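Reviewing the structure listed below.
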Amino acid sequence: MKILTFFGCIFLSTHLIAHHSTTVNFERAVSPLEGTIKSLKIVNPHCSFVLEVINDDGVSEEWLVEMLAKNALERQGFDFDALQAGLMIKLQGRLGYRPNTIYFVEIELPDGTIIENPGPLR
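Structure below.
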């Protein structure tokens, strides 16, 4: 019984780690998106914002842009005030395996300012 419990714990722990792995949820290649920030959610455990993008067919799509946790971004000196609803941005990110999700790597603001993901998961 102890062996079964031991292997069960190992099996479950790998799934918990995989949940937070960008490798499991996002591609390695970086892709561009351009659009307008619709809303922001600056909270723990994950910050995110919705980016409204006009696709190749001229249809508006909403993309969920995922980021690190608020406290992790704060420790790295991230400027939350730089991102505001209504702001048009150019985004570089790792596409998610779920539709219309992307992991933030770099943002270019309208004035040319570049905001990089301060975390290790770029």
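With our numbering, the residue at position 110 of the sequence shown is 94, and numbering never jumps. All C-beta atoms, glycine included, are put in the ideal place defined by N, C-alpha and C. Since the model is a prediction, treat every value here as computed from it, not as a measurement.
Nearest neighbour of Gly70, chosen from His30, Arg12, Thr20 [CA to CA]: Thr20
How long is the line joining the alpha carbons of Leu79 and Val8, rounded to whole angstroms? 11 Å
State the DSSP-derived secondary structure class of Cys64, mapped to helix, strand or coil. Looking at the sequence shown, residue 64 is not Cys but Phe. Phe64 falls in the helix class under three-state DSSP.
Distance, Cα to Cα, Ala53 vs Asn28? 5 Å
With DSSP run on the structure shown, which of helix, strand or coil describes Ala56? helix
On the three-state DSSP scale, how would you describe Asn101? coil
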